[in-house]
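Trainee: Residue numbers (our numbering): 24 to 842.
1) Rank 247, 251, 258 by C-alpha distance to the C-alpha of residue 275 and give the top, closest one.
2) Using the Cα positions of residue 686 and residue 822, report the straight-line distance between them to the nearest angstrom.
3) How is residue 36 classed by DSSP in three states: helix, strand or coil?
4) Looking at the structure shown, is residue 141 part of a helix, part of a strand, or coil, going by DSSP?
5) Indicate whether the contact test is met: 3 or more Cβ pairs, each with one atom in the stretch 688-698 and one in the stretch 744-754, closer than 8 angstroms.
6) What do you get for residue 472, buried or exposed, if any count of 16 or more other CB atoms within 10 angstroms of its CB means buried?
7) Buried or exposed: residue 163, going by 16 or more other Cβ atoms within 10 Å of its Cβ?
8) By the three-class DSSP mapping on this structure, what secondary structure does residue 421 have?
9) Which residues bound the beta strand (DSSP E) around residue 826?
10) Span of the beta strand (DSSP E) holding residue 309?
11) In the DSSP assignment, find the unbroken alpha helix (DSSP H) run with residue 290 in it and report its ends.
12) DSSP puts residue 517 in a beta bridge; with which residues?
13) Can you tell which of 396, 791, 152 has its C-alpha closest to the C-alpha of residue 318?
14) Keeping to the same chain, check which residues put their C-beta closer than 6 angstroms to that of residue 649; ignore five residues upstream and five downstream.
15) In the structure shown, what three-state DSSP assignment does residue 626 receive?
16) Find the nearest neighbour of residue 79 within the set 521, 88, 576, judged by alpha-carbon distance.
17) Look up residue 484 in the DSSP assignment and say whether it is helix, strand or coil.
18) Smallest Cα separation from residue 156: which of 187, 236, 63, 227?
19) Contact defined as beta carbons within less than 8 angstroms: I believe residue 303 pairs with residue 225. What is the distance between those atoms, to the nearest angstrom?
20) Taking just the CA atoms, how far does residue 234 sit from residue 552?
21) In three-state terms, what does DSSP make of residue 817?
22) Among 178, 202, 713, 173, which residue has its Cα nearest to the Cα of residue 117?
23) What is the rounded straight-line gap between the Cα of residue 293 and the Cα of residue 103?
24) Out of 231, 354, 406, 348, which one is the CA nearest neighbour of residue 310?
25) For residue 663, tell me which candidate among 385, 641, 73 has the shortest Cα-Cα distance.
26) What is the rounded straight-line gap between the Cα of residue 264 and the Cα of residue 308?
27) Compute the Euclidean distance between the alpha carbons of residue 141 and residue 177, then round it to the nearest angstrom.
28) Residue 81 lies in the beta strand (DSSP E); which residues open and close that run?
29) Rounding to the nearest angstrom, what Cα-Cα distance links residue 623 and residue 691 in this structure?
30) Nearest to residue 845 by alpha carbon, out of 583, 800, 244?
31) Output the distance between the C-alpha atoms of residue 719 and residue 632, rounded to the nearest integer angstrom.
32) Just to confirm the assignment: which complete alpha helix (DSSP H) runs, minimum length 4, are found wholly within the stretch 174-238?
33) Regarding residue 837 and the ligand FMN, is the C-beta to nearest heavy atom distance less than 7 angstroms?
34) Count the other C-beta atoms from every protein chain shown that fall within 10 angstroms of the C-beta of residue 242, then say buried if there are 16 or more, exposed otherwise.
35) Give me the Cβ distance between residue 73 and residue 84, rounded to the nearest whole Å; I'm assuming they're in contact under 8 angstroms.
36) Between which residues of its own chain and residue 486 is the CB-CB distance below 8 angstroms, once the five residues before and five after are set aside?
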């Protein structure tokens with residue numbers, strides 16, 4: 024066949040060679056020196072991204088493609104299509120060896136007589152050309168790609184010779200059916216539609232196996248001029264449909280009848296059938312996942328593929344593989360939870376408001392790291408024109424890091440306190456340790472930082488709402504989110520170690536910069552993505568084992584082979600006893616503390632922590648059951664409007680986070696009911712209880728020395744009204760016993776109080792004498808009753824044993840006649 028083809032090529036190209044002066048007999052040598060083998064590459068196919076239902080069945084979220092193609096098998100294509108292609112393009116397909124001798128001779132005669140320009144391209148030759156075009160389009164470098172495409176499509180003699188030689192080689196390697204199948208899967212059908220299956224679905228809304236004769240003939244008519252004969256151009260915008268029908272009726276159907284592929288009756292019926300497209304737009308891009316608010320999650324998945332070296336050596340290669348590789352990506356997204364999340368956010372947070380209002384909800388599964396839900400109060404769109412004109416649309420994913428399509432994060436407020444709590448328990452402190460929660464100005468030099476060497480200056484802090492709780496237990500400081508208590512806890516710790524503990528739970532800034540470890544960071548000044556916080560809280564709920572979040576369960580390539588995907592890595596962030604005791608404290612937040620409005624009260628145990636930033640521009644609640652951890656953020660995307668002082672659709676802004684979390688978790692608990700959290704460690708809960716020394720009457724220095732010696736922290740509460748001598752200890756809190764290391768606040772007396780003695784039964788003169796010796800002056804006495812020598816005291820107000828300020832407070836003395 025190769026030798027015969029060489030002779031035929033000589034005949035066909037002789038006129039052209041004569042012009043160049045090359046001898047005709049050289050053409051055989053030229054032909055023999057050409058490459059003889061071409062291997063079809065894997066075809067560019069669309070990638071599909073799926074979520075999953077409760078039963079595990081997949082739900083298509085979106086498709087992403089450069090070429091809309093779905094490769095199918097031989098039995099998945101209508102026989103009408105196969106017959107139409109052969110009859111129209113290459114009637115002797117099954118009898119020639121890649122080159123149709125009859126057509127080649129005819130082309131040679133036409134070329135010699137200069138009466139035509141027939142190329143005599145067989146299906147095999149067309150397949151070769153399409154393979155070369157496909158190879159060119161797969162090149163990443165734009166200049167190289169353009170050059171290769173030009174080479175594959177140029178109308179020159181050497182390209183035709185090469186095409187013939189490669190077609191002959193192709194037929195030595197593959198069966199006729201395989202070549203025809205490959206041709207039908209690779210062929211362009213106009214625009215971004217490639218392959219007979221996608222063409223059938225797009226133009227007629229059916230599978231390739233279900234095409235009618237008329238439909239099959241119309242699609243085969245298209246391959247002659249894909250963009251000129253595509254039938255998705257309306258009649259009022261061009262003649263495509265009319266031109267397609269003309270080629271169908273004048274070329275394709277007559278050829279099928281001539282080759283006895285159809286009967287006269289079938290021909291007549293098809294001719295009488297107008298070309299009537301039923302255009303079905305393919306699911307293109309992540310915006311098609313908006314019906315279940317999954318566009319941002321879909322975008323997150325695409326960024327995982329772009330960023331992970333498992334999918335290619337560099338981002339361009341990974342993205343090209345993603346768009347052309349025909350991947351079937353099965354994600355972790357749970358359709359039911361996603362729907363519940365969408366409902367909760369839509370119910371309480373409008374897409375647009377008087378200011379740039381944002382909200383997100385993200386759920387991570389403890390123990391697996393699977394991201395099960397991800398929504399925000401915007402519609403996803405990557406179209407700049409849409410986002411510029413529609414404030415309810417965005418391309419920025421509020422839930423994720425900047426490198427994964429997200430923002431640069433949001434300050435997390437007091438949700439960050441759990442990492443100070445973790446470090447507190449890790450270093451042997453307990454929940455019942457007493458700390459000073461009173462407002463004040465802190466000396467930053469008192470904060471240890473083994474990484475940076477420490478801090479300088481002062482830090483003036485207030486509690487939320489201006490609260491002044493005095494000495495509180497760490498448990499209550501957590502429940503009520505007492506800022507000063509937590510900062511004073513941090514003074515006993517190492518700022519560097521608090522940061523490391525946060526990092527052990529996977530916490531990092533959304534902008535990829537290092538976590539700030541200044542004392543203010545204890546109160547949540549780092550800007551972090553909601554997904555990161557949800558994953559960290561999942562680590563607490565999982566016994567202290569943190570699992571990196573993942574969004575992909577499985578990926579199959581176009582051949583059905585499973586590809587490696589990013590796996591969750593689980594590490595022990597804190598000891599299980601520490602995690603259990605953290606959970607005990609965090610349960611009080613939702614049961615009786617700052618997050619009671621979030622509690623579903625459905626019998627499922629929950630833990631959590633609220634967070635509100637300076638100026639109330641960001642509000643958070645992050646919480647978890649043993650099966651689900653969910654972060655809800657409501658705040659300013661840009662700006663500093665106080666969320667707390669704003670009403671959002673009739674709900675107090677500060678409560679919106681709670682309303683969203685409560686509605687969503689009530690639904691989610693029904694599907695993923697959590698169990699009981701492990702019991703708190705007794706030692707970490709109660710600490711080592713030791714007696715507090717009796718400090719009454721001591722000087723302040725002596726009291727400090729006694730407390731320090733006993734293992735307590737000393738806090739000078741200042742002078743108060745007292746009956747003790749000025750400067751002596753009047754009182755201290757707590758008293759009795761406390762856990763070792765607790766803060767004991769000592770108050771000294773200003774010497775202004777006197778203790779009222781018991782004077783009941785005494786005569787007025789005797790009573791005045793006793794009062795005077797007690798430091799209570801005559802000017803402070805008011806008599807209620809007779810005050811002569813025959814009277815007797817029946818009572819005092821205030822009563823005996825109570826304090827009274829010397830020289831100012833009034834003591835009322837009741838008297839009555841004796842006898």
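Every residue, glycine too, gets a C-beta built ideally from N, C-alpha and C.
Mentor: Looking at the coordinates:
1) 247
2) 55 angstroms
3) Unreliable positioning characterises residue 36 in this predicted model, as indicated by a pLDDT of 46, which lies under 50. The coordinate reading is nonetheless provided below. Three-state DSSP puts residue 36 in a helix.
4) Because the pLDDT at residue 141 is just 44, under 50, the model does not fix this residue reliably, and the value given afterwards should be weighed accordingly. Here residue 141 sits in coil by DSSP.
5) no
6) buried
7) exposed
8) coil
9) 826-828
10) No beta strand (DSSP E) holds residue 309; DSSP gives it neither H nor E.
11) 287-294
12) 471
13) 396
14) 564, 697, 698
15) coil
16) 576
17) strand
18) 63
19) 6 angstroms
20) 50 angstroms
21) strand
22) 202
23) 12 angstroms
24) 406
25) 641
26) 28 angstroms
27) Any answer about residue 141 is weak, because its pLDDT of 44 lies below 50 and its placement is not dependable; what the coordinates show is given next. About 15 angstroms.
28) 81-87
29) 10 angstroms
30) Because the chain in this structure spans residues 24 to 842, residue 845 falls outside the shown range and cannot be described.
31) 39 angstroms
32) 180-196, 199-209, 219-227
33) Among the components modelled here there is no ligand, and therefore nothing to report on the ligand FMN.
34) buried
35) 6 angstroms
36) 460, 462, 492, 505, 506, 507
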